[in-house]
Amino acid sequence: MNEQEAHKLGNRHLRPISGLNSPSGASRRVRITAADSTAATLSGQHTLWMLANLLARQYGVVAKIEIVVPAVALYPQAALFGRRDTIAETIAEVIRTVGGREIQIADDVLAADVEVVVGTPPVVSQPAVHRVGIVASGWRIFAGNPELTPNVEMEGNSLACYFAACIAAGEVFKRLCGLQPGKGRFIESLIFSLWDFHSYSEWSIASDGPDVDAIDVPPFYIVGAGAVGQASAAALASLGVRGHVTVIDRETIDSTNLNRYPLATLSDVGASKTQLLKSRLSGRGLSIYSSDLGWPGYALNPGIDQRSEVQLDESNYRYKIVLSCVDKNVPRHDIQNYSPENLMGASTNGLGIAVANYDMRSDFECLKCHNPPEPKGPPVEEIAEQLRQLPPNERQQRAQDCGADWSSVERYLAEPKCGKVGEAEMEKFTAGNPDWSVGFVSIASGTLLTAQLVKFVLQGSEAFPTDKGNTLRFNFLNPGPRWSMHRRNPDCDCQGNGKAAYCRIWGQ
Ligand SMILES: [Zn+2]
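Start counting the sequence shown at 36; every next residue gets the next number (my numbering).
Here's what the structure looks like:
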């Protein structure tokens, strides 16, 4: 990637979004702080690693990061990339490889615009205009004024650590952009548990949830290896669960992905999304099978080198656990059409996330009910003809805005028969204007999806108690956990053909 391209990074979170102003550009210095006692814990390191990762992706918002973290030895499992001898060096390496020239590491300690304090605040504090503190213990999370931080050790599971890091990165983003009048709030004190997804007035009564060491997850699928899929897999890998996952996507990483893909660095632009995920997370508890065919491409051409028991199920179209991490409704329909036995999905909408259970045995929605397919765009050849009319520099700009690889597009325009790569890039122009998106929202969404998968493995359908609903929500503008309930759409085929197909495969 050259410098000019680097400046185009992450423009998705610089688009207008309701509730937030545009970043002013003047106040952009952030500090990451942890006391010795926090930095020396695995949980503290999971949090610091993800926090640095998230802040380094806030291109055009964060400009400089101070690291006030002691040089204690790294737990290797706390870093999914960027490993160095100490946690302080590791997070500096993460910031360098993700932030590049856009986000610098400060070599001095000045007044920060926002400071994030992980764990118990250090005895001596450095000047900062705004502060946010985070703590994770078990499944519990605190976020808010560091002076209100509960006096507990950082011993959260990695899900609570990652989610807490997302909340802190969200508060930094909100501080540096500013809230629009009458919209949203900064967190003074938020105590909640990822275990029951409820908020509490006091730390001592928040439910801690069970230990999650040594969990075995049955074979499952992640469809979509974008921001949400990467975050979900990263959370599973950092948690140390054992199991076999099949990861399915057909795209490659482009520069507009970097603001929210938790496993991608600047040098990964152009890499296959599934291969990147596999290379970052191999050697942990998960065995990973990957397919670049997308869905339903994979279902139609399942891997012959896939695990034998999975192959047997696939030959009967039996997909027992599927995580939908795609961001369009057409592929959502394609997933539901195969009637997975247990289907959960995560999505984002502006500053909000939703994680839902699409249980065909319940009265709640299926993945198709409230996700109408997007209208089909004009044919690729029509777009190509329009692009040919533009001067090359405008074409390049359009390609960049859509996240399409410019050189592949140019090759396609010159010679439309030149293959699938060019055509896949051309399809990005037909998708319309990409939505606003940012790292902390997407990664929180994938982390929460993994929390629900783990709960499902531990306690079955109790992971989504029907009296609360089938969907968990969290909005970063007015932060807090919330459940919601979504019944079936009477016009959807899930009460007719869809239900019949499900019953044929799985019984009533
Ligand atoms: Zn439906």
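Beta carbons are placed, not taken as given, at the ideal position from N, Cα and C, and that holds for glycine.
All values reported here derive from a predicted model rather than from experimental measurement.
So if DSSP puts T281 in a beta bridge, which residue, or which two residues, is it bridged to?
Indexing the sequence shown from 1 puts residue 281 at position 246. Looking at the DSSP output, T281 bridges to Y256 and Y324.
Counting along the chain, where does the beta strand (DSSP E) carrying M379 start and finish?
The sequence position of residue 379 within the sequence shown is 344, counting from 1. Looking at the DSSP string, the run of the beta strand (DSSP E) that includes M379 is N377 to N384.
Which residue's Cα is closest to the Cα of I339: W330, S325, I418 and P331?
Within the sequence shown, the letter at position 304 stands for residue 339. Here the closest residue by C-alpha is S325.
E38 classed as buried or exposed, judged by whether at least 16 other C-beta atoms fall within 10 angstroms
Within the sequence shown, residue 38 is the residue found at index 3, counting from 1. Residue confidence for E38 is low, a pLDDT of 37 falling below 50, so the modelled location carries little weight; the figure read from the coordinates is stated next. Exposed.
Cβ separation of F227 and I176, assumed to be a contact under 8 Å, to the nearest whole Å:
The sequence position of residue 227 within the sequence shown is 192, counting from 1. The sequence position of residue 176 within the sequence shown is 141, counting from 1. Indeed they touch by this definition, with Cβ atoms about 6 Å apart.
Can C437 and C527 be called in contact, C-beta distance under 8 Å?
As a position in the sequence shown, residue 437 is number 402, starting the count at 1. As a position in the sequence shown, residue 527 is number 492, starting the count at 1. No, these two residues do not count as a Cβ contact at 8 Å.
Straight-line gap, A87 to L483 (C-alpha atoms, nearest Å):
Translated into the one-based positions of the sequence shown, residue 87 becomes position 52. Translated into the one-based positions of the sequence shown, residue 483 becomes position 448. C-alpha separation (whole angstroms): 19 Å.
Between the C-alpha atoms of A199 and Y537, what's the straight-line distance to the nearest angstrom?
Start at 1 with the first residue of the sequence shown, and residue 199 comes out as number 164. Start at 1 with the first residue of the sequence shown, and residue 537 comes out as number 502. Their backbone Cα atoms lie some 37 Å apart in a straight line.
Please list, in chain order, all residues with a C-beta atom less than 5 Å from at least one heavy atom of ligand 2.
Ligand 2 is absent from the structure shown, which contains only ligand 1.
Quick check on R277: buried or exposed, where buried means 16 or more other Cβ atoms within 10 Å of its Cβ?
As a working mapping, residue 277 is identified with position 242 in the sequence shown. Taking all protein chains shown into account, R277 has fewer than 16 neighbouring C-beta atoms within 10 Å of its C-beta and is therefore exposed.
Rounded to the nearest angstrom, what separates S302 and K503 at their Cα positions?
Along the sequence shown, read from residue 1 onward, the residue named residue 302 stands at position 267. Along the sequence shown, read from residue 1 onward, the residue named residue 503 stands at position 468. Cα-Cα distance, rounded: 44 Å.
Which word fits R423, buried or exposed, when buried means at least 16 other C-beta atoms lie within 10 angstroms of its C-beta?
The sequence position of residue 423 within the sequence shown is 388, counting from 1. Residue environment: R423 is assigned as exposed (fewer than 16 neighbouring CB atoms within 10 Å of its CB, all protein chains considered).
Ignore the nearest five residues each way along the sequence and tell me which others in P216's own chain have a CB closer than 7 Å to its CB.
Looking up residue 216 in the sequence shown gives position 181. Taken in chain order, the list of residues that qualify is empty.
Residues of its chain near A74, where Cβ-Cβ distance is below 6 Å and the 5 sequence neighbours each way are ignored
Against the sequence shown, residue 74 aligns to sequence position 39. Residues of the same chain with a CB within less than 6 Å of the CB of A74, apart from the 5 flanking positions on each side, are V104, P105, V107 and I122 in chain order.
Stretch-stretch touch, CB-based, cutoff 8 Å, three pairs: the segment 88–96 with the segment 290–298
The segment 88–96 makes contact with the segment 290–298: 3 or more CB pairs, one atom from each, lie closer than 8 Å.
Where A379 and S314 are concerned, what is the direct C-alpha to C-alpha distance, given to the nearest angstrom?
To locate residue 379, count along the sequence shown from 1; it is residue 344. To locate residue 314, count along the sequence shown from 1; it is residue 279. What sits at residue 379 in the sequence shown is Met, not Ala. The alpha-carbon atoms of M379 and S314 are separated by roughly 25 Å.
DSSP-derived helix/strand/coil call for D251:
Within the sequence shown, residue 251 is the residue found at index 216, counting from 1. For D251, the secondary structure class from DSSP, reduced to helix, strand or coil, is strand.
With 16 other Cβ atoms within 10 Å as the buried cut-off, status of K452:
Position 417 of the sequence shown, counted from the first residue, corresponds to residue 452. Exposed is the label assigned to K452, since fewer than 16 other Cβ atoms lie within 10 Å of its Cβ.
Which residues does DSSP pair with R166 in a beta bridge?
To locate residue 166, count along the sequence shown from 1; it is residue 131. R166 is bridged by DSSP to E150.
Endpoints, alpha helix (DSSP H) assigned at H81:
Numbered from its first residue, the sequence shown carries residue 81 at position 46. Element bounds for H81: L77 to L90.
Whole angstroms is fine: what's the gap from A147's alpha carbon to S267's?
Position 112 of the sequence shown, counting from 1, holds the residue named residue 147. Position 232 of the sequence shown, counting from 1, holds the residue named residue 267. Cα-Cα distance, rounded: 32 Å.
Under DSSP, the alpha helix (DSSP H) around K313 begins and ends at which residues?
Start at 1 with the first residue of the sequence shown, and residue 313 comes out as number 278. That run of the alpha helix (DSSP H) goes K308 to L316.
Thinking just about the alpha-carbon of each residue, which of N186, A486, D394 and P525 is nearest to the one in V263?
Within the sequence shown, numbered from 1, the residue matching residue 263 stands at position 228. Of N186, A486, D394 and P525, the smallest CA-CA separation from V263 is found for A486.
In three-state DSSP terms, what is H521?
Here the question's residue 521 lines up with position 486 in the sequence shown. Coil.
Nearest candidate by alpha-carbon position, reference V489, set V167, S307, R430 and W230
Against the sequence shown, residue 489 aligns to sequence position 454. Of V167, S307, R430 and W230, the smallest CA-CA separation from V489 is found for W230.
Cβ contact (3+ pairs, closer than 8 Å) linking the segment 467–481 and the segment 380–393
Contact between the segment 467–481 and the segment 380–393 is present, with at least three C-beta pairs closer than 8 Å.
Between the alpha carbons of S359 and I250, how many angstroms are there, rounded?
Looking up residue 359 in the sequence shown gives position 324. Looking up residue 250 in the sequence shown gives position 215. Each residue's Cα considered, the two are about 21 Å apart.
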